[in-house]
Every structure is written in C-alpha cells, then in structure tokens.
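Read through the structure below, which is laid out as structure tokens, and then see the notes.
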Amino acid sequence: MKRVVRVVAAMAMLTVAVSPVLGTSGAVAGTVTGPVARTVTGTSAGAAGDGAVAGKGMESRLTWGACPAKAKAAGATTAAGASTGSSAAAAAGVECASLRVPLDYREPWGQSISLAVNRIKAKVSRDGNYLGALLVNPGGPGASGRALAEYVSTMLPQKLVEHYDIIGFDPRGVGSSEPSLHCVDVGTYYKAPRPDAVPRSRADERTLLSRAVDYANSCGDMYAWLLPHMTTANTARDMDSIRAALGERQISFLGYSYGTYIGAVYATLFPGRIKRLVMDSTVDPHGVWYKANLAQDAAFERRHRDFLAWAAKNNGVYKLGGSGRQTAYAWYAMRARLHDRPAGGVVGPSELDDTFTVAGYSDRIWPDLASAWSRYVRQGDVKGLVDVYNKYGKQDAEDENGYAVYLSVQCTDAHWPRSWATWRTDMTRMHRRAPFLTWPNAWFNAPCAFWTVPGGSPVKVHASSHLPPILMIQSRRDAATPYPGALNMRNLFPSARMLVAGGGNHGVSLAGNLCVDRHLVTYLANGTLPKRGATCAGLATPKATARMAAGGPQGHERLTELLAG
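Quick note, the sequence shown lines up with residues 4 to 568 if you use my numbering.
Structure representation (structure tokens):
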C-alpha cells in the first residue's frame, strides 16, 4: 500500500477549476482518438471472464509513439545499485500511448477518461516463443506503473525480457493519465513543520480533524463526477481494456503491495484472462481497508523496534544506547524535543515520522537515518535530520497526486467508520501498544471518515478453476503488508504457492535477492512454481556507517522509491 506517513496537515483549496468533460485536443503522441476501448465488466463466473477480445467497439488499438521527456526520465539500477548501460538502452526503447476507457463501465458509450501506458516491446516475433504482455503495477493506490515497467525491463534477464511486451500504466487519476487528481495547494498543504500527528489535547485533535474534513471536501468539490468511479474494480476493468487494446487473449501480471490486490480482483473478475500472476508483498483481502491499516500499525511497530535493535547493536558507531529500550528512549526523546524546537525550523515530529517510517519499508536506509539521528543527539547537528527529511520524507506535487488517488480509491472501495468516536477509541487503544505509527496513519486515512462518496462493498475475492498457478512472494516481517494477511490471500487461491523470504523489506523481488529472483524468472519463463514451503534467506542487514550515503537510490531503496509512488 501507499507509504502511510504523509499526515494530514495544512490545507488550501486550489483556485483552478477542473472540467468534468475531457477533450482530445493537444493529445501527446500515441493518444487513441478512435472509439473508446470496451470490455465486459466481468463476473465471478469463469466463462464470463474467459476471453477473446470482448464485444463490439473493440476496434480501438494502442497507437505507440515517442514518450514525453518525463516518461523517459525514470531511471533504473542494478541489484547492486550501480547505474547500467542497459538502463539507458531500455529507456531508449520505451514507447508510449494513451487509451480512453469508460468512466463508468455500466455506461460504456458514455463519458471517458484517459490512461497513460508505456511498453518495452518484445524482441521475438509472435511465433518465436513470444510469452505475451506482462503488465506491472507498484501499488499505492496512487503509484505510477510506467516507471516500474522500465525498472522491471532492466532487472529481469534480457533473455527473458525479449520474450515479453512489458506494459506499465498510470491507473485512473494517476500521473499522466487524465484527469490527474490534485486536491490541494502543495506548498500550503505540506508546509513544514506541520502539527504533531500525535494529539496532546482535544484542541490538537480538532485541528487535525478539521484538516481531514477540509481535504475530503476539497476532493469532493473538485471531482464529484469522478470519485464514485475510483475503485479497485474499475482499475481491474481498465487493465482488461488495456489487454483488449493490445489484442491479447490473456495477460500476465506482476503486482507489488496494493498491486497484489488489483491482481486478485482482476483474477476474480476475469479468471480466464490471466496467463501468469505474481503477487509480491500481498494485501490482506479480509482487511479492506480500515482493518488493514490497524494491522499495519502493529506491524510497523515491530519493524521500528527491529530498527532500534539494529541501532543498539551498532552502538559503537551511533552511541544511541546499547539496548532496544535505550534506543527507544532516545528516539522518543528526540521526537518530543522536535515538538518544541523543529530541526532547522523544518523537521518537527510529523516530518520525523514521515522520514523514519520509510525505514519500515526498506532496511537499506537504516544507516542514513541512524547517522542523522546520532549527529543530532550527540552533536546537536540539525543538518543531518533536514537532509534525510529532504531525501526520504519531503512531499511534492507528485506525492499529493498519489495521496489524492490513494484516498479516492480506499475511501470508495469499502465502508469506513463515519463516527469519529470509533476512530478515537480504536486509535487510543492501538497507540498504547503501537505508538510509532498509529496516530500518523490515522490522520493519513482520516478523510475517509468524511469522504463525500460513501464507501461501497469490496469485490469478494475468490478462486476459479480457470486460474493458472499463482506465485506469491512475501517477506516474513513486512510492515506494510503483514505476513498473516498474505496467508489469508493464499488461502483464497488453491493454485497459489508462497515463497517466503527472511527480513522485513516491502517488495522482495528484483531488489537484489538472487534466490527470490531465480524463482521469479523460472515462473515467468515457464510457469513453474517453487516447491511447497520454499524459502529464501533475506538480504543481510546493512553495515553501520557514520555518514549518509552519497548518490541516488540503490538496490532495494530504488524499488522502495517506485512502490512509494
């Protein structure tokens, strides 16, 4: 799921108006200007999802062309983190297009919206052991899949890549898809330091609560026509529109995080149209979505304590305490101090939460965070905290787009408690045992209590005899998508087999774990699953360093960046 640390803070209405009718003028190269691609909406019946290209109106096809400069900018790194020539070569071969799809699949000839799509084309011919289209999604909701497609094309062995068309897309509302959702003025909303996400009084709570209400109302005022259709089920239908526009009878799918839920919903609605399905870091289908966030609070608490224990183990370098209890005391003392004296006038407790929560996604950044923390505590150096905030926690317009889509999907997918008293009771109880993330996560999701569109009923995910063998990949101590929830998903699909990796990094494959990647490549090549009970060791925890690492994101850190949107 989307990084859950962007806590609701200051709020301002955008002054620009968004037209509810999308024109086609000024379209970039690759825009589909013919009839809207149509698909059936899908049913739980296997035959209904078994599929030749669906129905009339399917004469539309993607017209590929050169990508806009921004679409090419997404770089990639090797598992070791070094930039490679193959990355540049892959980027040079990326093609882009856009596809118009129905806003509402119950009215397929009505209003439409546009999806931005990219492709790294297979090098083999269709009769040369072509393996089909591999669609990828990094999760969120709200993350762009186009950068992930480029990343996947450079991280998989090229002998496999040349047999697939690797397809990325920005889901409805995201990035270069149109409309691209933005609900607030970024400079005002994210202005640091923001109010502390852990309220010390009812007055603090009212301040945070009013901002959640304002955000919900702002989105509702600007996108009343769109929000009812921002659901995971419609994202799955959009995927099937892409499949049909590609001219493929079936697709393969690699989804990370929330992307695993998209894959599960697609498999439920269109079981006969899945060739291969990979779920990496899997969402709990029984927790959509309020319960899933409570489960995250507990899991992030455990992962935060893993980080504190690692800092204690490396006390010779960081000098923050020789036990987990001592480092916990040092961390919360730092947080309390920042409440009254934000570091550099920028990093208060909420900015600290934003930054250090990323450590729950990837242990690759633990040395950076511990180094900045140590220099602040031991030397009074605020620059290190500001630097790691700028690197890992600071938000921009792209992040606000991701947040708007995140709320639009999660608030609409399912029912949320509409009584704030329920939230307060649940968060107060959870905070006692999981103080690290409970309240920041609550305020991140709080607009759902006031969303202008009522939450619906999630798709009841289930298996079908039409589904192929499914590969699931999961780290045992994952905080964002906890292991017990992944087991719940596996239990729904008898054809699924789970490969379990050690450690707690979120997003396991194509991030440097050679054992995991061997299983992934074998499955994508010929559909062979690992043996039951197969495991892989996790990546070794990073070595302690006294200074923040130079250069761009590397290895698992780069994958984390893509999954965060």
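Built from N, CA and C at the ideal position, the CB exists for glycine as well.
The structure displayed is predicted, hence computed values, not measured ones.
- When A449, P288, P105, S117 are compared, the shortest CA-CA separation from L495 is found for P288.
- Per DSSP, reduced to three states, the secondary structure at D384 is coil, with no helix or strand assignment.
- Among the bridge pairs identified by DSSP, S115 is matched with P105.
- Annotation: the segment 248-320 contains the following complete segments of the beta strand (DSSP E) (minimum length 3 residues), in chain order: 254-259, 277-283.
- The Cβ atoms of L470 and A270 lie closer than 7 Å to each other.
- Contact annotation: the segment 184-197 does not touch the segment 426-446, with fewer than three C-beta pairs closer than 8 Å.
- Look at G176 here: in three-state DSSP terms it is coil, with no helix or strand label.
- For S478, the secondary structure class from DSSP, reduced to helix, strand or coil, is strand.
- Per DSSP, reduced to three states, the secondary structure at A452 is helical.
- With a threshold of 16 other beta carbon atoms within 10 Å, G96 falls short and is exposed.
- The residues I476, H522, P533, A537, in chain order, have a CB closer than 6 Å to that of L502 in the same chain once the five nearest residues on each side in sequence are set aside.
- Only residues of its own chain outside the window of five on either side were considered, and among them W369, T544 have a CB closer than 7 Å to the CB of W313, listed in chain order.
- R480 and L323 have their C-alpha atoms spaced approximately 24 Å apart.
- Runs of the alpha helix (DSSP H) lying entirely within the segment 129-160, each at least 4 residues long, are 149-158 in chain order.
- A residue is called buried once 16 or more other Cβ atoms fall within 10 Å of its Cβ, and T531, having fewer, is exposed.
- Going by DSSP, M225 is part of the alpha helix (DSSP H) stretching over 205-225.
- Bridge pairing for T360: absent [DSSP].
- Residue range 559-567 is occupied by the alpha helix (DSSP H) that includes L565.
- Distance from the CA atom of D356 to the CA atom of G250, rounded to whole angstroms, is 46 Å.
- Apart from the 5 residues on each side of it in sequence, C70 sits with its Cβ closer than 6 Å to the Cβ of V97, C99 in its chain, given in chain order.
- By the Cβ-count criterion, L440 is buried, with 16 or more other Cβ atoms from all chains shown falling within 10 Å of its own Cβ.
- Under the three-state reduction of DSSP output, E98 falls in the strand class.
- Secondary structure of D390 (DSSP, three-state): helix.
- Listed in chain order, the non-local C-beta contacts of Y392 below 6 Å within the same chain comprise V350, E354, T358, local neighbours out to five positions each way being set aside.
- By the criterion of a C-beta distance shorter than 6 Å, H307 is surrounded in its chain by F439, once the five residues flanking it on both sides are discounted.
- Taken through DSSP and simplified to helix, strand or coil, L184 comes out as coil.
- Out of P141, N132, R205, V286, the CA that lies nearest to the CA of G488 is found in V286.
- Per DSSP, V511 lies in no alpha helix (DSSP H) segment and is marked neither H nor E.
- If you compare the alpha carbons of Q253, D283, R197, M158 with that of D343, the shortest gap goes to R197.
- Around the beta-carbon of Y335, fewer than 16 other beta-carbon atoms lie within 10 Å, marking it exposed.
- Secondary structure at M501: strand, using DSSP grouped into helix, strand and coil.
- Around the C-beta of T234, 16 or more other C-beta atoms lie within 10 Å, and the residue is accordingly described as buried.
- Residue environment: R500 is assigned as buried (16 or more neighbouring CB atoms within 10 Å of its CB, all protein chains considered).
- Secondary-structure assignment with DSSP links D168 through a beta bridge to A136.
- In the three-state reduction of the DSSP assignment, A445 falls in the helix class.
- In this structure, the CA atom of D199 is about 60 Å from the CA atom of D130.
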